[in-house]
Amino acid sequence: MRNEKGSPEADPGEGGSARAGRLVRPAVLLLWVLSAVVAGSVVWWAVAAIGGEQGGARGRVYTQAQVAELTVPSTDSDSDSDPGATATPSSTPTETSPSPSPTPSPSAVQTPVPVPVDVARTWDVVGGQIGAQCRGPQIALLYATPSDGWTVEVKHGGPEELEVTFRRGESETSAHGACVDGVPSMVAEAESD
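Using the numbering used here, you'd call the opening residue of the sequence shown number 255 and step up by one each time.
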């Protein structure tokens, strides 16, 4: 079939599906790119939001003086004083010659209390693996992972003690843990019938 100008005219039944196929591919590609950009933006925003909440002081390096200033506890006299009151000198000095500055008394210098250090340990026992962590006298179960074919039951996960049992059929391993001088200690007993 020819049109008025003599050029072949496309049959709408034949060329229409080919033209639609050529339009669908770019539309699908554009939709995929748009979806990837939206997903990436959401992930970026989530990471930034979480990092902003937890990362305020993370990565910050303090000088020894700043640490001492941040860890000095307030005294009762600080909390009892009137916040609106201003200090006035009780008397004016009469000497004009410089005097040596007083040395602080030992009671005025406060040594910072050491923060308990986290100590973690891992144990391989019959039936699985256990990870625990002590912070001072308190113990916390990090994980209890059974071996293939075994099940795990956590009876106590801390803070005073740990009790974990691994089972497979009639076999059973019970592990008991506690902190000894700030270090996790574990005793495991395996029973099989």
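Ideal placement from N, C-alpha and C gives every residue a C-beta, glycine not left out. No experiment lies behind these values; they were computed from the predicted model shown.
Coil, strand or helix - residue i by DSSP
i: S401; result: coil
i: E414; result: coil
i: V291; result: helix
i: V380; result: coil
i: T419; result: strand
i: P438; result: strand
Residue i versus residue j - alpha carbon distance
i: W286; j: L277; result: 15 Å
i: L393; j: R279; result: The question names Leu, yet the displayed sequence has Ile at residue 393. Cα-Cα distance, rounded: 59 Å.
i: G275; j: S289; result: 21 Å
i: P438; j: D447; result: 30 Å
i: E415; j: A303; result: 36 Å
i: V282; j: S295; result: 20 Å
i: S428; j: D372; result: 25 Å
i: E407; j: L284; result: 51 Å
Beta-carbon gap between residue i and residue j smaller than 8 Å
i: R421; j: T405; result: yes
i: G382; j: T399; result: yes
i: V434; j: I384; result: no
i: G431; j: A374; result: no
The ligand GDP heavy atom lying under 7 Å from the CB of residue i
i: H410; result: In terms of ligand content, the structure shown is empty, and the ligand GDP therefore cannot be addressed.
Terminal residues of the alpha helix (DSSP H) in which residue i lies
i: T365; result: No alpha helix (DSSP H) holds T365; DSSP gives it neither H nor E.
i: E323; result: 318-325
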